[in-house]
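Here the structure is laid out as structure tokens; the discussion comes afterwards.
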Amino acid sequence: MDDDPQVDERLRAAFEPGARAAARIAAAALADRAVTRRRGWLGLAAAAATVCIVSALVFWPSGPIPHVEPAALSLSGSLTDGLLVVSLPDGSVAITGGDARQDRPQDGFGLVLVEGELR
Amino acid sequence: MSDRGSSVIVDLERTIAELAPRVLRYANARLGDPALAEDVAQESLTALVRACRNGGGPHSAEAFVFAIARRRAGRAAWRRRLWAPVELASGARSSAPSPEARAIARDETERVRNALAHLSSRDREAILLVAVGGVSMSDAASALGLSISAVKMRVSRARARLAALLEEQHG
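Order-wise, the sequence lines are chains A and B. Take the first sequence: its letters are residues 425 to 543, numbered as in this note's numbering. Take the second sequence: its letters are residues 18 to 188, numbered as in this note's numbering.
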């Protein structure tokens with residue numbers, strides 16, 4: 425074999441660690457201490473960001489489509505001479521029929537005839 | 018467990034003290050980052066301590082530690098490549114040596130590192146284990162999963178090439 429002690433010597437010298445560093449890792453290994461991750465915060469930040477992005481991508485599109493529950497409301501009224509008179513929950517009275525297809529205030533309850541005729 | 022394994026447990030402190038500078042030097046040569054090299058060396062030695070204390074002392078402490086160091090250095094190098102842009106952007110490379118220390122060590126270390134970069138990865142791995150880590154041929158063969166003669170051939174080829182490259186750089 426082509427032994428060249430000079431080459432080996434140069435290699436060792438180029439990467440020689442400090443004695444204190446060697447003693448430090450020997451002591452840490454014997455104490456069975458876990459290595460302190462100097463880049464741990466980067467890993468944690470990346471993991472947190474990944475979880476957020478994946479959660480958003482998975483849960484946001486698959487979420488339930490919001491819809492409005494129909495109001496459980498029953499109304500009663502009377503039909504007289506082609507006019508519908510209905511008492512509304514807020515205590516007012518709406519009258520529709522004939523030319524008046526709707527009777528509703530700006531806000532609150534009202535009545536709208538969507539289609540057809542009253543008989 | 019073999020008799021040799023038992024002796025490793027008995028002489029664990031001495032074994033660790035003897036291996037620490039060698040595995041650290043090897044990791045340093047592989048990674049070129051003292052902080053990362055310390056992590057890799059410490060992990061490898063800790064694995065040996067745990068194996069011995071759990072009653073599973075390896076046949077050869079040297080082959081065991083360097084096989085682990087080799088794998089972890091490989092992974093650390095990959096991780097570093099992935100993180101390098103982020104670390105550069107965030108200025109997180111505070112564990113790097115000081116500018117003065119770098120300046121003193123730069124010339125010779127850089128020359129050797131450049132010469133090593135010209136070797137094939139297989140030859141480089143073999144010479145780093147044997148010449149830098151001081152691992153015996155048989156243990157290097159075990160760590161690399163090769164025959165002893167294959168390791169001898171790679172080391173011999175690497176030495177000859179390195180000698181020529183270093184001579185070139187010097188001239």
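Even glycine gets a Cβ: it sits at the ideal position worked out from N, Cα and C. Model, not experiment: these values are computed from the prediction.
- Spatial neighbours of THR63(B) in its own chain (CB-CB distance under 7 Å, excluding positions within 5 residues in sequence) are not present.
- If you ignore the 5 residues before and after LEU537(A), its C-beta comes within less than 7 Å of the C-beta of THR520, ARG525 and GLN526, all in its own chain and listed in chain order.
- Linking VAL168(B) to HIS76(B) through their CA atoms gives a straight-line distance of about 20 Å.
- As summarised for the region 124-172 of chain B, the continuous alpha helix (DSSP H) elements at least 4 residues long and confined to that stretch are 138-144 and 154-161, given in chain order.
- Between the region 37-51 of chain B and the region 436-451 of chain A, the count of C-beta pairs closer than 8 Å reaches three or more; the two stretches touch.
- Between the region 51-65 of chain B and the region 445-455 of chain A there are three or more C-beta pairs closer than 8 Å, enough to call the two in contact.
- According to the DSSP assignment, SER502(A) belongs to the beta strand (DSSP E) that extends over 501-504.
- Under DSSP, LEU535(A) shares a beta bridge with ASP527(A).
- Contact between LEU163(B) and LEU136(B) is absent: CB atoms are separated by about 16 Å, not below the 8 Å threshold.
- For SER511(A), the enclosing beta strand (DSSP E) has its first and last residue at 507-511.
- Nearest neighbour of ASP124(B) by Cα position, chosen from ARG141(B), PRO102(B), ALA84(B) and LEU183(B), turns out to be LEU183(B).
- If you draw a straight line from the Cα of ALA469(A) to the Cα of ALA86(B), it comes to about 27 Å.
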